[in-house]
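Structure first, commentary second.
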């Protein structure tokens, strides 16, 4: 865990592809020309446009959007696989842009690991040798790196497969090896670029569950790229939605679903079930406000924690007639939820034709 407030700070980052990127950026900043005008006038393509985000230590931060939205381009700036046209990137207090090539290579190997969609395993290496490869690059003795590789392979539930080769493994197993290779290096930061999107739905969901279990125990800061909102709301502590290279909204899954900032985000979340995502604190009325109109809440009103989900609240509301009390970690009542509050929340989340 870093002592810095943010593990990753991306400030006003631009990536413009083309020989005249600097000229195009200057024109954008001075005259606000459009993406189409940039292409026509400079033969340049805007990949990322003025992106800013702050990622907390230990959180799973999902960046999502449709194909071409800039999400994969953006994540490759965090470890400088791509050089930004403009902007600032700070990782655990280190200015990534100020690093020399040698310092950057060392920093990548020791502090940042990346998991790709296509697994990127070395076909001539065994599973254990693939997992140990970052440690080999780091110069760690073979006995030590094999010890770490054996320990890591158990974490991803591939015990007994260490001497196999990539072609002998299923897609889901190969992706486990890719994840194990990243974890073996014990990085502070994981960059995951659509790691499960090539897998069939059942294996994908299983790996999502396994990853969330691992992440909660290891406390790694994770930037997780996906085009699938269902995946983002299952995995992410917070989500950033991108469109045409820009970050259009950042928030918790409940924030994104309950308060979309524009029609684009609203269309994205229209089909998402609120039952497991929306929490009591997002639905409740402050207890003082409710009691000023309705009188004191009964001492026998059932209590729910403020992170209880909508499904749990509905079940509680159907079993008796009283409003529900919402309590904080200390057991103090902080809110009230009525059946009307629940019905309004459900109705607001129903997709209309």
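Numbering (this note's numbering), first residue to last: 9 to 361.
Glycine included, every Cβ here is placed at the ideal spot set by N, Cα and C.
Residues that residue 165 bridges to, as DSSP identifies them: Note: residue 165 sits in no beta bridge, so no partner.
Runs of beta strand (DSSP E) lying entirely within the region 99–141, each at least 3 residues, in chain order: Counting only runs of 3 or more, we get 120–123.
Those residues which DSSP pairs with residue 311 across a bridge: The partner list for residue 311 (beta bridge, DSSP) reads 333.
Whole-angstrom distance between residue 31 and residue 38, CA atom to CA atom: Approximately 11 Å between the Cα atoms of the pair.
Sub-7 Å separation of residue 139 and residue 157 beta-carbons: Going by C-beta atoms, residue 139 is nearer than 7 Å to residue 157.
Cutoff 7 Å; reference residue 290; Cβ partners in own chain excluding five residues on either side: Excluding positions up to five away in sequence, the list reads 262, 266.
Where residue 37 sits in the DSSP three-state scheme: Reduced to three states, the DSSP call for residue 37 is helix.
Exposed unless 16 or more other CB atoms sit within 10 angstroms - verdict on residue 100: Buried, since its Cβ has 16 or more Cβ neighbours within 10 Å.
Secondary structure of residue 202, DSSP reduced to three states: DSSP places residue 202 in coil when its eight states are reduced to three.
Coarse secondary structure for residue 69, derived from DSSP in three states: Annotated three-state conformation of residue 69 is strand, per DSSP.
Secondary structure of residue 280, DSSP reduced to three states: If DSSP states are grouped into helix, strand and coil, residue 280 belongs with coil.
Whole-angstrom C-beta distance between residue 264 and residue 277, which should lie under 8 Å: Distance from residue 277 to residue 264 at the Cβ level is roughly 6 Å; contact confirmed, criterion being Cβ atoms closer than 8 Å.
Assumed close pair residue 25, residue 55 - CB separation to whole angstroms, cut-off 8 Å: About 6 Å separates the beta carbon of residue 25 from that of residue 55, a gap short enough to meet the 8 Å contact definition.
Contacts around residue 359, its chain only, beta-carbon distance under 8 Å, and the 5 residues preceding and following it disregarded: Here the model assigns residue 359 a pLDDT of 46, short of 50, so the residue's position is not dependable and the matter cannot be decided.
Residue environment, residue 9, which counts as buried when at least 16 other CB atoms sit within 10 Å: In this prediction, residue 9 has a pLDDT of 43, which is less than 50 and means its spatial position is unreliable; what the coordinates show is noted afterwards. Exposure of residue 9 is indicated by the presence of fewer than 16 other C-beta atoms within 10 angstroms of its C-beta.
Straight-line Cα distance separating residue 238 from residue 43: Approximately 29 Å between the Cα atoms of the pair.
Residue 90 to residue 199 span [Cα, whole Å]: Taken atom to atom, the span from the alpha-carbon of residue 90 to that of residue 199 is near 14 Å.
Cross-strand partners of residue 92 (DSSP beta bridge): Paired residues: none, contrary to the question.
For residue 248, the residue or residues it bridges with in DSSP: Residue pairing of residue 248 in beta bridges, as defined by DSSP: 71, 258.
Supposed close pair residue 351, residue 321 - CB separation, criterion 8 Å: With a Cβ gap of about 11 Å, residue 351 and residue 321 do not count as contacting.
Host alpha helix (DSSP H) of residue 193 (start-end): Neither: residue 193 is in no alpha helix (DSSP H) and is coded neither H nor E.
Residue 307, buried or exposed, once every other Cβ within 10 Å from all chains shown has been counted against 16: It counts as exposed.
CB contact flag (residue 244, residue 52, <7 Å): The answer is no: Cβ separation not under 7 Å.
Test item: CB-CB of residue 65 and residue 229 under 7 Å: Yes, the pair counts as a contact, with Cβ atoms nearer than the cut-off.
Distance between residue 12 and residue 269 (C-alpha atoms, nearest Å): The straight-line gap from Cα to Cα measures roughly 29 Å.
CB-CB length for residue 188 against residue 160, believed under 8 Å: At roughly 5 Å, the Cβ-Cβ gap stays under 8 Å, so residue 188 and residue 160 are in contact.
Proximity test, residue 271 beta-carbon vs the ligand NAD heavy atom, cut-off 6 Å: As for the ligand NAD, it is missing from this structure, which has no ligand bound.
Cα-Cα separation between residue 98 and residue 83, rounded to whole angstroms: Spanning the two alpha carbons is a distance of roughly 13 Å.
Simplified DSSP assignment, three categories, for residue 286: Note: residue 286 maps to coil in three-state DSSP.
Endpoints, the alpha helix (DSSP H) within which residue 17 is located: No alpha helix (DSSP H) contains residue 17, which is instead part of the beta strand (DSSP E) from 16–25.
Residue interval of the alpha helix (DSSP H) (run including residue 212): Run containing residue 212: 209–226, per the alpha helix (DSSP H) assignment.
Per DSSP, the bridge partner or partners of residue 61: DSSP lists 18 as partners of residue 61.
Residue 126 versus 300, 206, 219, residue with shortest Cα-Cα distance: The shortest C-alpha separation from residue 126 is found at 206.
DSSP beta-bridge partners of residue 267: Partner(s): none; residue 267 has no beta bridge.
Strand pairing of residue 317, partner residues [DSSP]: According to DSSP, which records beta bridges pairwise, residue 317 is partnered with 287.
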